[in-house]
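Structure first, commentary second.
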Amino acid sequence: SLCDELLMECSGLTSLHIPASMTKIGKSVFAKSGIQTFTIADNHPTLRLTDGVIYDKAQKMLMAFPTRGKTSYTIPDGVIGIWGGAFYGSDITSVKLPESMKAIDESTFAESQLSSINFPESLIFLGPTSLYRTQFTELELPKNNTILYEGVLAYCPNLTSVTIPAKVTYIDTHAFSQNKKLTQVTCLGTTPPALYDYYEEDENPFGWVSRDNVTLYVPQGCVAAYKATSWNMFSKIQEMATPVLTPQVFVPAAESKLKMITSIDVQFSEPVSIVSSAKAPVLRKGSATGDVVPVTSKWSVIISPDDKAKQTIRIVSFDYDGYTEYFNLDPSAEYFMVIPASIIKGSTSGMQNEEMVVHYLGENVTHVKEVGENMKIQRTGNRMMVELGELSGVDIEIYSITGIPVVQMKNKKGLFEIPQLPRGSYVLRLISEKQNYTVRFVHP
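The number in the working numbering is simply the position in the sequence shown, starting from 1, with 3 added.
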């Protein structure tokens, strides 16, 4: 075997032969070395050589790439992963990933010359420091990643612009640290991703970035949501020029009291198509993150057969015989239909939807205007204040009337201010240990 980093920085080493007895290769073994060519023993039991690149025997994992000499490479179809440090410190400038690619391991392209890469939808994991000190000037990170790991895009000397996909929920320490030329960060999610809770600048996901020189772009109507979180480290937060696809009408209407749910129609202002139904909507009980109401298979998203203009989608669950399922609601409970982002596309605008949360109530549920002994909502000019009274440790969720989450705040007590929002109707959710409360209000 070859242990991790064994031949790192061996600049005089230009070729390497791997005998049949050597079956294991560690991570970053050849990083920043001088290797131009590999050879492998015939009929090697665990490895193979394809176009001078080392793969596992089944050619599912790219294990090692020549450090010197190759500047561009297309990874073959069927490869699902790249081993840690495979391109570390190499001359590579351009890589084409196949549609089968699922994971890029830690430090894969670290300190390489990489400045061009595609990210297929199948890619769900981008490991820590995988793009550390690369040569990108601008980059949109993989759309189906949910976490940006430690140092993933740190110390990039030429990076001026980065786009963070809508599904990202957490950004770890050092993720974009020391990117001195960074001037634009675009977050596509309506809910601000959580940032590593740093104590020192060195641990900040954007540590040692000149944040006064950075403009943070967020979806329309979400500036207040970002300002209410750690993202307020950026003094310039602006709405993106291009809006997301926003629903016009829900049937049944959001906030309706229902005995049962059969299907939900969502109407848009233009004809729409279904981008992907791989991630299905879910119906949750109690809160937008509560228990999932079980279905026979999964909820389907289809174009409503009742709308010839194709401006309406229908969310419906079918049983094994293809018949519509009916769901009787607990009369004292609340329900939330959570519709994933990027499954509906406007045929005219090309815009896609953000995550939508449609709120329904059982027949006996009422909106609570007073919570605890002294709970009040106060309005002073354009400011909205909430007094939680005897409640403490309350999580706050605010949704637009069309079901778009716009604000999330954790562990509140006493008096707090609702962030500035565009004028309109909103649903305020107060989630305490003992009970959840819902208040509908109009922001002036």
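Here a beta-carbon is modelled for each residue, glycine too, at the ideal position from N, C-alpha and C.
Model, not experiment: these values are computed from the prediction.
Query	Result
Contact set for residue 88: own chain, Cβ-Cβ below 6 Å, skip 5 residues either direction	30, 31, 34, 110
8 Å Cβ shell around residue 27 - same chain, five flanking residues per side excluded	4, 5, 49
Exposure of residue 21, with buried meaning 16 or more beta-carbon neighbours within 10 Å	buried
Contact set for residue 55: own chain, Cβ-Cβ below 8 Å, skip 5 residues either direction	40, 41, 69, 73
Inter-residue Cα distance where the pair is residue 136 and residue 239	26 Å
Residues near residue 84 by beta carbon distance below 8 Å, same chain, minus five either side	63, 64, 65, 104, 105, 106, 107, 108
Touch test, the segment 264-278 against the segment 304-318, Cβ-Cβ under 8 Å, three pairs minimum	yes
Alpha carbon of residue 199 to alpha carbon of residue 180, nearest angstrom	12 Å
Residue 236 versus residue 401 - alpha carbon distance	22 Å
Residue span of the alpha helix (DSSP H) that contains residue 228, given as start and end	226-230
Beta-carbon separation (whole angstroms), residue 357 vs residue 169, contact threshold 8 Å	6 Å
Simplified DSSP state of residue 420, which is helix, strand or coil	strand
Cβ-based neighbour list, residue 10, same chain, cut-off 7 Å, excluding 5 preceding and 5 following	16, 32, 33, 36
Assigned exposure category for residue 113 - 16 Cβ within 10 Å defines buried	buried
Residue 372 classed as buried or exposed, judged by whether at least 16 other C-beta atoms fall within 10 angstroms	Residue placement at residue 372 is poorly supported in this model, since its pLDDT is 41, which falls under 50; the coordinates still yield a value, given next. Classification of residue 372: exposed, given that the 10 Å Cβ count is below 16.
N- and C-terminal bounds of the beta strand (DSSP E) containing residue 105	Looking at the DSSP string, residue 105 is not in any beta strand (DSSP E), and its letter there is neither H nor E.
DSSP three-state assignment for residue 211, whether helix, strand or coil	coil
Buried/exposed call for residue 340, threshold 16 Cβ in 10 Å	buried
Beta-carbon contacts of residue 215 that lie in its chain and below 6 Å, excluding the five residues immediately before and after	238
Whether residue 307 touches residue 320 by CB criterion (8 Å)	no
Local conformation of residue 234 per DSSP, three classes	helix
Cβ neighbour criterion (16 or more within 10 Å) applied to residue 153	buried
Those runs of the beta strand (DSSP E) which lie wholly inside the segment 149-204 and span at least 3 residues	164-167, 187-190
Separation of residue 368 from residue 133, as counted between CA atoms	50 Å
Best match in 71, 120, 93 for proximity to residue 77 [C-alpha to C-alpha]	120
Pair within 8 Å by beta-carbon distance, residue 101 and residue 81	yes
Pick from 344, 287, 300, 354 that is closest to residue 323, judged by C-alpha positions	300
Residue 431, DSSP secondary structure in three states	strand
Rounded separation between residue 172 and residue 47 - CA only	42 Å
Burial state of residue 332 (16 or more Cβ within 10 Å)	buried
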